[in-house]
Amino acid sequence: MAFSSSSLLRSICVKGISRSSSNLGKSSARSSASWFDLRPLSTAMTASDSVLNQKSPPWLMLPPEFKGSTMSYKFYNLADKKVQTLYNSYETRNFRLKCRGSKDGWLACRGSSHGWLALLSLYDEGFYLYNPISHRHIKLPTIRNCSRFVAKKVILSCSPEDDEENCRVVMIMNTNRNALAFCFPGRSKKWTLMLDENKGRSYYIDCVYSARLKLFFALTNDRKLETWDLGDPSSPKVIKVDDVEMDQYCYLSSLERRVGHLVLAKDEDLLLVMQYTMLNVGPDGSCFHDLDKRCPANSPHMTIGFDIFKYDSEKGKFEYLDSSSLGGLAIFVGKLNHSVAIQASEFPEVKPDSIYFTDAYDGKLLGRGESDDDDDDDEGAYEVIWGGGYDIGIYNYEDKTVSSCYYPCDAPSLKTISPGPIWFFPSRTI
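Read in order, the letters of the sequence shown correspond to residues 160 to 589 in my numbering.
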């Protein structure tokens, strides 16, 4: 389905934060343990074909649970509103990774795409793709040769199990310079940088892949849209679009921050979904400036709304979509997953005309050169500062309210979830 300019609602500037919540899934899923704390990545296929191939809406990946010698991955399944558990034993120690603060070591998730997780070693910058359903893993090139960068987000063009030859892995890398990089999973020995020396201080905010056009779309914070053709591994081609004009944002408050997500609707319409977050929210839902003395200590941040823009290639402009409906779509956005739009009518358990979101501010990954104590290489390549992870919910685009998705979403109930949940795609084609 393609959107028309009249098919989506104009977002009304919020006067207060309206949220409904239920106390679903409390402390049992709130673990401070790392997701991938030195756990083996078996190459054996252990999941049934029915689990691997059945069509399913995205799952919400929760922090893991540890019992004895077994770690279990936890996923909230939207289809039956239950937690799906996938076990992973410690029998094989293929990945004994030393890491700051842990004698065993662990991996941090930097992406979720087409049924795979992109895992980064916080010690030696080794990179892996891991499928938690099949337990298969694929080693990616290390990013040691990209030491001036920090891996921000990784997406795939498709599942390597479906089309290994044409699968591309693209990584957004930001620090002193800003670039994209790509590789061929299982075949490349190093990442190929897609670097624009004239980009200046701008940085990429998101990227998305079109299977129909066989192109990656990338957008920078200063509204430059790029399309990348990675069909020829020796000669990546970029088509730079003129600076994209954008309709004015509906939310202009100095109290909020915005994060952009690129989404392809039905692989036809390129959408920009703007997520607005108030950084300081009181127990009653009131908002405060950082310097306001009335601001409660350790006040949480909360998503208050969204704007949606559609790219018009003829006008070179992201146009504001003025409607009260998303055409029956449900959109899933997050900091680490590739964003998707699915037709809710194909998944009765999913709410139509809604945006399912996770926390855009769920911690910080510091690379070498960013902290004061980076002279000692034995301390590891990265440091993680956890925080947040709790800003999760379902935004109704028609009535502008937020309801809970597994975790409560009212301000008094918000507690740090470490690591923050992300969207996972058990159906590889989503």
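For glycine and all other residues, C-beta sits at the position ideal for the given N, C-alpha and C.
Flag residue i as yes when its Cβ comes closer than 7 angstroms to any non-hydrogen atom of the ligand ATP, and as no otherwise.
{"i": "I331", "result": "Within the structure as shown, the ligand ATP is missing, as the structure has no ligands at all."}
If you reduce the DSSP assignment to three classes, tell me which class residue i lands in.
{"i": "R303", "result": "helix"}
{"i": "P223", "result": "strand"}
{"i": "S572", "result": "helix"}
{"i": "E478", "result": "strand"}
{"i": "S215", "result": "coil"}
{"i": "S347", "result": "coil"}
{"i": "A503", "result": "helix"}
{"i": "I297", "result": "strand"}
{"i": "F583", "result": "strand"}
{"i": "G487", "result": "coil"}
{"i": "D365", "result": "strand"}
{"i": "A310", "result": "strand"}
{"i": "Y549", "result": "coil"}
{"i": "I331", "result": "strand"}
{"i": "S458", "result": "coil"}
{"i": "L372", "result": "coil"}
{"i": "A519", "result": "coil"}
{"i": "C564", "result": "strand"}
{"i": "Y556", "result": "coil"}
{"i": "S231", "result": "strand"}
{"i": "S577", "result": "coil"}
{"i": "D532", "result": "Residue placement at D532 cannot be trusted, given a pLDDT of 38 that sits under 50; what the coordinates show is reported in the next sentence. In the structure shown, D532 sits in coil (DSSP, three-state: anything other than H, G, I, E or B)."}
In terms of residues, what are the limits of the beta strand (DSSP E) holding residue i?
{"i": "C268", "result": "266-272"}
{"i": "D471", "result": "461-471"}
{"i": "S513", "result": "513-516"}
{"i": "C342", "result": "337-342"}
{"i": "A277", "result": "275-280"}
{"i": "V509", "result": "Counting along the chain, V509 falls outside any beta strand (DSSP E), and DSSP gives it neither H nor E."}
With which residues is residue i paired in a DSSP beta bridge?
{"i": "V397", "result": "W387"}
{"i": "R416", "result": "T436"}
{"i": "L429", "result": "L423"}
{"i": "L495", "result": "According to DSSP, L495 bridges with nothing at all."}
{"i": "K241", "result": "N236"}
{"i": "F447", "result": "According to DSSP, F447 bridges with nothing at all."}
Counting C-beta neighbours from all protein chains within 10 Å, is the total for residue i 16 or more, i.e. buried, or is it exposed?
{"i": "K312", "result": "buried"}
{"i": "F225", "result": "exposed"}
{"i": "K348", "result": "exposed"}
{"i": "E505", "result": "exposed"}
{"i": "S272", "result": "buried"}
{"i": "Y515", "result": "buried"}
{"i": "L372", "result": "exposed"}
{"i": "E284", "result": "buried"}
{"i": "E508", "result": "exposed"}
{"i": "A277", "result": "buried"}
{"i": "Y549", "result": "buried"}
{"i": "S498", "result": "buried"}
{"i": "T436", "result": "buried"}
{"i": "K240", "result": "exposed"}
{"i": "D322", "result": "exposed"}
{"i": "N380", "result": "exposed"}
{"i": "I398", "result": "exposed"}
{"i": "D365", "result": "buried"}
{"i": "A503", "result": "buried"}
{"i": "Y565", "result": "buried"}
{"i": "N457", "result": "exposed"}
{"i": "P585", "result": "buried"}
{"i": "K233", "result": "buried"}
{"i": "E385", "result": "buried"}
{"i": "R327", "result": "buried"}
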